[in-house]
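Student:
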Amino acid sequence: MKNTFTQRIVLGTLALFLLGYVGLQIYRYTNSQYKTETANPYTVAESTKLTGIALRREILLDDFITGGVATYVTSDGSKVSPGTTLAEIYDSEEDIANIRTLRELENRRQLLEKAQDPGTTSFAHTDVLNKQIFSELGGIIDAVNRESLLELKTMSDKLLVLMNTKQIATGKQTDFNGAIEQLKAEEEYYRGKIEAEPDVIKAPQPGYFIRTIDGLEDKVDMDALDELTPEELVKLINSNKISASKRVGKLMTSHLWYFAAVVTSDEASRYREGATVTLDFNISGQKPVPATVKYVNTKRDEPDAVVIFETDYISEALVNLRVTQVEVRFKSITGLRVSDSAIRFNGTQKGVYIVLGEKLVFRPITVIYEDVGFVLCRENDPEYMSGTVYTGLQQFDEVVIGGTQLYNDKRLK
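Under the working numbering, the residues of the sequence shown are numbered 414 to 826, in order.
(1) Let me know the secondary structure DSSP gives Gln371 once reduced to three states.
(2) Taking 8 Å as the threshold (C-beta atoms), are Ile478 and Ile512 in contact?
(3) Can you find the residues in the same chain that come closer than 6 Å, C-beta to C-beta, to Ala467, ignoring five residues on each side of it along the sequence?
(4) Would you be able to state if there are at least three C-beta pairs under 8 Å between the segment 468-488 and the segment 605-624?
(5) Skipping 5 residues on each side, what residues in its chain have a beta carbon closer than 6 Å to that of Arg824?
(6) Can you tell me which of Val675, Lys826 and Asp636 puts its alpha carbon nearest to the alpha carbon of Leu649?
(7) Can you check whether the CB of Leu499 is closer than 8 Å to the CB of Lys606?
(8) Fully enclosed by the segment 612-692, which alpha helix (DSSP H) runs are 4 residues long or longer?
(9) Among Ser505, Ala609, Leu638 and Thr514, whose alpha-carbon lies nearest the alpha-carbon of Ala598?
(10) If you count every other CB in all the chains shown that lies within 10 Å of the CB of Met568, and 16 or more means buried, which is it?
(11) Which stretch, first to last residue, makes up the beta strand (DSSP E) that contains Lys772?
(12) Are the Cβ atoms of Phe722 and Lys707 separated by less than 8 Å?
(13) Closer than 7 Å by C-beta to Phe809: which residues in its own chain qualify, once you throw out the five before and the five after it? Chain order, please.
(14) Alpha carbon to alpha carbon, what distance is there between Gln545 and Leu789?
(15) Which of helix, strand or coil does DSSP assign to Gly481?
(16) So is Thr691 buried or exposed if we call it buried at 16+ other beta carbons inside 10 Å?
(17) What are the start and end residues of the beta strand (DSSP E) that includes Gln762?
(18) With DSSP run on the structure shown, which of helix, strand or coil describes Tyr442?
(19) Would you report the Cα separation of Val702 and Lys566, rounded to the nearest angstrom?
(20) Would you call the segment 755-771 in contact with the segment 680-695, where contact means no fewer than 3 C-beta pairs closer than 8 Å?
(21) Helix, strand or coil for Ile512 per DSSP?
(22) Tell me which residues share the same chain as Lys492 and place their Cβ nearer than 6 Å to its Cβ, disregarding the 5 neighbours each side in the sequence.
(23) Terminal residues of the continuous alpha helix (DSSP H) containing Asn590?
(24) Nearest CA to the CA of Leu629: which residue from Phe589, Asp639, Val661 and Ser656?
(25) Among Ile814, Thr737 and Arg604, which one has its Cα closest to the Cα of Glu507?
(26) Go to Leu550, then tell me how far its alpha helix (DSSP H) extends in each direction, as first and last residue.
(27) Can you give me the start and stop residues for the beta strand (DSSP E) that Lys712 sits inside?
(28) Please give me, in chain order, every unbroken run of the beta strand (DSSP E) with length at least 3 that falls completely inside the segment 723-766.
(29) At the level of alpha carbons, what is the spacing between Thr677 and Ser667?
(30) Using a Cβ distance threshold of 8 Å, determine whether the segment 522-531 contacts the segment 585-592, with at least three qualifying pairs required.
(31) With respect to the beta strand (DSSP E) encompassing Asn453, which residues constitute its N-terminal and C-terminal limits?
(32) By how many angstroms is the C-alpha of Thr747 removed from the C-alpha of Tyr440?
(33) What number of angstroms, rounded off, separates the C-alpha of Asp639 from the C-alpha of Leu473?
(34) Gln818: buried (16+ other C-beta within 10 angstroms of its C-beta) or exposed?
(35) If we require 3 or more residues per run, which beta strand (DSSP E) segments fall completely within the segment 776-809?
(36) Taking Ala500 as part of the beta strand (DSSP E), name the residues at either end of that continuous run.
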């Protein structure tokens, strides 16, 4: 009974304390002379959207698909050497179906042979295999989220080899000879159903293979991009494209490619040759790519200009771009966000006043970015270190954004 009475007194005292504290804060807030905001880190990334065209050094292959059906051995964006098989031309769709089944069987057999190869199993340890398996699983989940089907196939094959290797390493499976022999028999069956050997088309020189032909492959002098005018670029963007071609494809002969767009002369001032930007083509499964502003083609008294970006990122999706929209992201900036109404001057020093305890204190700032209604200030600016004491604006400082008669060390009522 005594303990219960004591507990009630303690709880009552705590409740009164909390009510008093909350009341004090409400009173201070509603009766404050100054309106404040908290200084917190904030990141801005300037960006703009442009419509333009992808430009590459491209050569058309001399081979045509006539009198047969093509199956491509090399995927778009793949790097090839002279003699690399690009495509095979078969007599019928049935032959195509049989060869695809045959290659799938060959792939499955080769994965099993790799899993039981002594060079693979002799160095296989369960702990290492488990880590590799979980790593591949994580990669597969990421590839699924990005809808990267080409990457997904490669990762799935690696995972299958790891899991089969673990079966042998742990003694759950002696070998896969029975399955391998069965796959070989199926391969022979489908190989026998192919009526004729295909015509093989090979790469004549090094490059990156692209199967799509659009008729714009040789419309720009790639050695004179710095002379490309807005009128020429608009004409190119609006030109008619080829919807279908009998050619096998083309080769991109350089690892560098370009994206060109028309901008106004005012907008051109945002671009500096040599500056780094990020290009986001908004393609599912394709990450934004870093690029460099290669050329900014301007002329005095002309209303428009041409900006040309250069990048060396290559993928199946990127090599098939032509006329498209892109989001150009400039360098991001992070600093302490402060409303521009908070900025004051103490003599010639720009800064803000903060509420520190029961007084106002002036904090100097270095503005690194300005926008409508706010600025970003450099955080932990070494210029404002005085020995071991930092006198500049800091995160969580309560910054005064309204009021009059502000001065350093002013006492607050």
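Backbone N, C-alpha and C define an ideal beta-carbon position, used for all residues, glycine too.
Tutor: So, to answer that:
(1) Given that the chain is displayed from residue 414 to residue 826, the structure contains no residue 371 and the question cannot be resolved.
(2) Result no, Cβ atoms of Ile512 and Ile478 do not sit closer than 8 Å.
(3) Around Ala467: Phe672, Leu734 and Arg735.
(4) Yes, they touch.
(5) Around Arg824: Lys772.
(6) Closest option to Leu649, Cα to Cα, is Val675.
(7) Their beta carbons are not under 8 Å apart, which means Lys606 does not touch Leu499 by this criterion.
(8) At a cut-off of 4 residues, the continuous stretches assigned as alpha helix (DSSP H) that sit fully inside the segment 612-692 are 643-650 and 678-681.
(9) Nearest option by C-alpha distance: Thr514.
(10) Counting the other Cβ atoms within 10 Å of the Cβ of Met568 gives 16 or more, which makes it buried.
(11) Lys772 -> beta strand (DSSP E) spans Lys772 to Pro777.
(12) Taking 8 Å as the Cβ cut-off, Phe722 and Lys707 qualify as a contacting pair.
(13) Exclusion of the five residues before and after Phe809 leaves Thr451 and Ala452 as the residues of its chain whose Cβ lies within less than 7 Å of its Cβ.
(14) In a straight line, the C-alpha of Leu789 is about 44 Å away from that of Gln545.
(15) It is coil, neither helix nor strand.
(16) Looking at its Cβ environment, which holds 16 or more other Cβ atoms inside 10 Å, Thr691 is buried.
(17) Counting along the chain, the beta strand (DSSP E) containing Gln762 begins and ends at Gln762 to Leu769.
(18) Because the pLDDT at Tyr442 is just 49, under 50, the model does not fix this residue reliably, and the value given afterwards should be weighed accordingly. DSSP places Tyr442 in the helix class (H, G or I) of the three-state scheme.
(19) Taking the straight line from one Cα to the other gives about 23 Å.
(20) With the cut-off at 8 Å, the segment 755-771 and the segment 680-695 do not touch.
(21) Ile512 carries a helical assignment under DSSP once its states are collapsed to helix, strand and coil.
(22) The answer, listed in chain order, is Tyr621.
(23) Segment Asn590 to Lys606, the alpha helix (DSSP H) holding Asn590.
(24) For the residues Phe589, Asp639, Val661 and Ser656, the minimum Cα distance to Leu629 belongs to Ser656.
(25) The option with the nearest alpha carbon to Glu507 is Arg604.
(26) It spans Thr539 to Asn558 - the alpha helix (DSSP H) in which Leu550 sits, taken as one unbroken run.
(27) Element bounds for Lys712: n/a, residue is neither H nor E.
(28) Qualifying beta strand (DSSP E) stretches, in chain order: 736-752 and 756-759.
(29) Straight-line spacing of the CA atoms in Thr677 and Ser667 works out to 30 Å.
(30) Because the criterion of three Cβ pairs below 8 Å is met, the segment 522-531 and the segment 585-592 touch.
(31) According to the DSSP assignment, Asn453 belongs to the beta strand (DSSP E) that extends over Asn453 to Leu468.
(32) With a pLDDT of 46 at Tyr440, under the threshold of 50, the modelled position of this residue cannot be trusted; read the value that follows with caution. Their Cα atoms are separated by approximately 35 Å.
(33) Going by the C-alpha atoms only, they are around 24 Å apart.
(34) Under this definition Gln818 is an exposed residue.
(35) List check, beta strand (DSSP E) in window: 780-784 and 787-790.
(36) That run of the beta strand (DSSP E) goes Thr498 to Tyr503.
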